[in-house]
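Q:
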Amino acid sequence: MLSFLLATAALCSVDGASAGTLIVLNKTDATASFLDARDGTTLAVVGTGIGPHECAVAPGEKLAVVCDYGAQKPGNTLTLLELENRVAIDKIDLGEYRRPHGIAFASAERLYVTCEQNQALVEVDLATRKVVRAIATEQQLSHMVALSPDGSRAWVANTNADVITVLDLDESAIATRFRAGREPDGLGWSSR
Numbered sequence: 310m311l312s313f314l315l316a317t318a319a320l321c322s323v324d325g326a327s328a329g330t331l332i333v334l335n336k337t338d339a340t341a342s343f344l345d346a347r348d349g350t351t352l353a354v355v356g357t358g359i360g361p362h363e364c365a366v367a368p369g370e371k372l373a374v375v376c377d378y379g380a381q382k383p384g385n386t387l388t389l390l391e392l393e394n395r396v397a398i399d400k401i402d403l404g405e406y407r408r409p410h411g412i413a414f415a416s417a418e419r420l421y422v423t424c425e426q427n428q429a430l431v432e433v434d435l436a437t438r439k440v441v442r443a444i445a446t447e448q449q450l451s452h453m454v455a456l457s458p459d460g461s462r463a464w465v466a467n468t469n470a471d472v473i474t475v476l477d478l479d480e481s482a483i484a485t486r487f488r489a490g491r492e493p494d495g496l497g498w499s500s501r
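Start counting at 1 in the sequence shown, then tack on 309, and there's your number in the working numbering.
(1) Whole angstroms is fine: what's the gap from Val441's alpha carbon to Ala463's?
(2) Have a look at the DSSP bridge pairing and note the partners of Tyr421.
(3) So what does Thr485 bridge to, in DSSP terms?
(4) First and last residue of the beta strand (DSSP E) that includes Trp498?
(5) Would you tell me roughly how many angstroms separate the C-alpha atoms of Asp324 and Ile332, rounded to the nearest one?
(6) Based on the DSSP output, what are the partners of Val440 in its beta bridges?
(7) Tell me which residues share the same chain as Gly490 and place their Cβ nearer than 8 Å to its Cβ, disregarding the 5 neighbours each side in the sequence.
(8) Just to confirm the assignment, what range does the beta strand (DSSP E) spanning Thr388 have?
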């Protein structure tokens with residue numbers, strides 16, 4: 310039986326509309342488990358980078374990306390998972406950007422990742438497997454991210470600062486900041 314020390318991730322319809330696969334990240338084991346969402350059956354277990362923390366499924370549901378947060382040593386990679394064959398297919402090196410955590414897709418080819426150690430939101434191009442740019446949040450522990458439906462803004466929860474940073478993605482700049490409750494963490498977007 311697998312011990313799920315950290316269950317994070319995404320439901321995706323890999324095998325048809327009524328079926329679903331749950332990707333569960335196992336922090337201590339540095340693995341991702343693919344589970345049948347109907348009954349919990351383990352379909353596959355694959356390696357990730359050290360300390361996987363968050364996972365997001367790309368539009369089109371062919372790929373998932375895992376943030377390799379690290380442990381004693383800060384992580385700086387993303388692990389790419391192919392959903393159809395349930396395998397790890399590549400890693401993206403974020404270079405100087407450390408402690409990737411929150412993750413959101415802007416499109417099937419572009420994603421945004423918070424990098425806690427750098428107080429930044431990093432844009433990654435999946436086709437080239439490269440960091441395109443980083444936008445400073447100027448706040449401690451930039452943790453989770455939510456994107457506007459039109460892709461023009463990002464909201465970043467800065468846990469240690471009790472602040473939400475709103476980034477203008479077109480201008481690569483801070484649009485505004487506002488106080489949130491103590492230690493803001495997860496974010497969700499509603500157009501209501």
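Every residue gets a Cβ at the ideal spot worked out from N, C-alpha and C, and that includes glycine.
Owing to the predicted nature of the structure, the values given are computational and were not obtained by experimental measurement.
A: In short:
(1) 16 Å
(2) Ala413 and Glu432
(3) Val475
(4) Per DSSP, Trp498 belongs to no beta strand (DSSP E) and is neither H nor E.
(5) Here the model assigns Asp324 a pLDDT of 43, short of 50, so the residue's position is not dependable, and the following value carries that caveat. Those two C-alpha atoms are separated by around 14 Å.
(6) Val433
(7) In its chain, beyond the 5 residues on either side, Asp471 have a beta carbon closer than 8 Å to the beta carbon of Gly490.
(8) It spans Pro383 to Glu391 - the beta strand (DSSP E) in which Thr388 sits, taken as one unbroken run.
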